[in-house]
Amino acid sequence: MRKTKKQKKAKKRATKKHVAKRLRKAPKRAVRVQEKPNKSMIYAVSAIVVFIIIVAAIYLNHSSNPSSPSSANNAIAPSTPNAQIITLTLYYDSLCKFCGGKSVIEDLDKVNADLKDKGVQIKAVDTKGNFSGLKKLGIISVPVIVFPNNSLSNIAVQSMARKLQMENLSGLIVGYFTTRELFSPSCSDNNSAKLMFFYSESDPYSIRINNSSPHITAEEALTNVSKVFANKLNIVKECLSIRPGDEKKCKEAVGSSAYASAQVLKQQYHIRWVPTYVIDCKYIFASLSPTAIEKAVCSARPDVCNSMDISVS
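This note's numbering puts the sequence shown at residues 29 to 341.
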């Protein structure tokens, strides 16, 4: 049965209405799909928000409470912790004119200022002639510096130690000054001073050895000094073994008995360098200058110099 034109037009209109109706409903379904909750997304967003809130709360709490441990740690950079200060103790005797008295510490403030950045400081202790405490430690003279354990790993301390006569006293590290006062009793004579000359047969500063010696050696300086003091100064040579071969040379020069005695005195006075002098078993110093030697004798024994009208400026 053939459809009329009227029937065809009606069917065409019905089709258009159906398509239009579907198009109007499609966007609404698309919107509803987008608005439908995604639980995993909500949880993730919620977790981020909570984390931000917690961090903000911690920051505000530390900012308002500067005494809290975390804020205190933040105030000091963890990469630069406070370095431990190494304290060296300098013992001296203000009553000892020979070894400088208080002049030993007159530049101590300047020295400590220079050492501050190196993590080192020196503490001075005046014994005022009381050596009982130091004797118990095995120390034999002042001025002396006592070094804490492991302090010699510091470069500044190493540099200082090289200028002193170092000694290990059963774990106690000490450094003796070149000019010092011994705690041992004096062996002075009322009429004259005794000067022990510690030297080595292989040391060019002690005795003249070819062209390696300076313009004046210790032995030559003492020759000049002996002329000034005459019989008021008793000079005794003490030959020490400092280098290989010295023992044989010493025994040939002064004899085996004198050499053995000198080695004992070397340990007793903790002598590590030559030339070194000891006056009246009490005062130690070193010099190559005749004038400096005369001055040292007069400082240790002013009575001897006064008796001979010797004045050394």
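Note that beta-carbon positions come from the ideal geometry of N, C-alpha and C, so glycine has one too.
Problem set entry | Distance, L210 Cα to S327 Cα | Residue mapping note: residue 327 aligns to position 299 of the sequence shown, counting from 1. Residue mapping note: residue 210 aligns to position 182 of the sequence shown, counting from 1. So the two alpha carbons sit approximately 15 Å from each other.
Exercise. For H243, is the beta carbon positioned less than 6 Å from some heavy atom of the ligand ADP?
Worked result: As presented, the structure is devoid of all ligands, the ligand ADP included, so that no description of it is given.
Problem set entry | Nearest to F3 (by Cα), restricted to the options C278, S339 and I244 | Because the chain in this structure spans residues 29 to 341, residue 3 falls outside the shown range and cannot be described.
For this session: Jot down the residue ranges of each uninterrupted alpha helix (DSSP H) in the segment 98-185, minimum 4 residues, whole runs only, in chain order.
Result: 136-144 and 160-164
Exercise. How many angstroms separate the CA atom of V325 from the CA atom of A152?
Worked result: Taking the first residue of the sequence shown as 1, we reach residue 325 at position 297. Taking the first residue of the sequence shown as 1, we reach residue 152 at position 124. Taking the straight line from one Cα to the other gives about 27 Å.
Exercise. Which runs of the alpha helix (DSSP H) spanning at least 4 residues fall entirely within the segment 203-268, listed in chain order?
Worked result: 246-257
Exercise. Are the CB atoms of S122 and G128 nearer to each other than 7 Å?
Worked result: Walking along the sequence shown from the start, residue 122 turns up at place 94. Walking along the sequence shown from the start, residue 128 turns up at place 100. Against a cut-off of 7 Å, the Cβ pair of G128 and S122 comes out as no contact.
Exercise. Helix, strand or coil for V306 per DSSP?
Worked result: Counting from 1 along the sequence shown, the entry for residue 306 is found at position 278. Note: V306 maps to strand in three-state DSSP.
Exercise. Can you name the start and end residues of the beta strand (DSSP E) that I321 belongs to?
Worked result: Reading the sequence shown from its first residue, position 293 is the one you call residue 321. No beta strand (DSSP E) contains I321, which is instead part of the alpha helix (DSSP H) from P318 to A328.
Exercise. Name the DSSP beta bridge partners of Q193, please?
Worked result: Counting from 1 along the sequence shown, the entry for residue 193 is found at position 165. Y204.
For this session: Whole angstroms is fine: what's the gap from I168's alpha carbon to V282's?
Result: Counting from 1 along the sequence shown, the entry for residue 168 is found at position 140. Counting from 1 along the sequence shown, the entry for residue 282 is found at position 254. Roughly 27 Å separates the two Cα atoms.
Exercise. Taking just the CA atoms, how far does I244 sit from S269?
Worked result: Within the sequence shown, residue 269 is the residue found at index 241, counting from 1. Within the sequence shown, residue 244 is the residue found at index 216, counting from 1. About 22 Å.
For this session: Check the DSSP bridge columns for I312 and list the partner residues they point to.
Result: Within the sequence shown, the letter at position 284 stands for residue 312. DSSP, once it has assigned bridges, lists R208 and V306 as partnering I312.
Exercise. Sorted by chain position, which residues of the same chain lie with C-beta nearer than 8 Å to I183's C-beta, five sequence neighbours on each side aside?
Worked result: As a first step, residue 183 must be located in the sequence shown, where it is residue number 155. Result list for I183: K146, in chain order.
For this session: State the start and end residues of the unbroken alpha helix (DSSP H) segment that holds Y287.
Result: Counting from 1 along the sequence shown, the entry for residue 287 is found at position 259. It spans S284 to Q296 - the alpha helix (DSSP H) in which Y287 sits, taken as one unbroken run.
Problem set entry | Environment of I81 [buried if 16+ CB atoms lie within 10 Å] | By one-based count along the sequence shown, residue 81 stands at place 53. Note on I81: pLDDT 40, under 50, position unreliable in the model; the coordinate value appears next. Classification of I81: exposed, given that the 10 Å Cβ count is below 16.
Exercise. Which of helix, strand or coil does DSSP assign to S339?
Worked result: Working through the sequence shown from its first residue, we reach residue 339 at position 311. Coil, per DSSP.
Exercise. To the nearest whole angstrom, what separates the beta carbons of Y227 and C267, a pair I think is in contact under 8 Å?
Worked result: Here residue 227 refers to the residue found at position 199 of the sequence shown. Here residue 267 refers to the residue found at position 239 of the sequence shown. Yes, they are in contact, since the Cβ atoms of Y227 and C267 sit about 6 Å apart, within 8 Å.
Exercise. Is it a yes or a no for the segment 312-320 touching the segment 277-292, going by three-plus beta-carbon pairs under 8 Å?
Worked result: no
Exercise. What's the gap between the Cα of G157 and the Cα of D274?
Worked result: The residue you call residue 157 lines up with position 129 of the sequence shown. The residue you call residue 274 lines up with position 246 of the sequence shown. Going by the C-alpha atoms only, they are around 37 Å apart.
Exercise. Counting pairs of Cβ atoms below 8 Å between the segment 189-199 and the segment 235-254, do you hit three or more?
Worked result: no
For this session: Tell me whether S198 sits in a helix, a strand or coil according to DSSP, three-state version.
Result: Here residue 198 corresponds to residue number 170 of the sequence shown, with the count starting at 1. Reduced to three states, the DSSP call for S198 is coil.
Exercise. With burial defined as no fewer than 16 other Cβ atoms inside 10 Å of the residue's Cβ, what is the status of D347: buried or exposed?
Worked result: Given a span of 29 to 341 for the chain in the structure shown, any question on residue 347 remains unanswerable.
For this session: Have a look at I201 and E134 and give me their C-alpha separation to the nearest angstrom.
Result: Position 173 of the sequence shown, counted from the first residue, corresponds to residue 201. Position 106 of the sequence shown, counted from the first residue, corresponds to residue 134. Looking at the two C-alpha atoms, the distance is approximately 24 Å.
For this session: Taking only the alpha-carbon atoms, compute the straight-line gap between D308 and R329 and give it to the nearest angstrom.
Result: On the sequence shown, residue 308 is found 280 positions in, with the first residue counted as 1. On the sequence shown, residue 329 is found 301 positions in, with the first residue counted as 1. Cα to Cα, D308 sits roughly 9 Å from R329.
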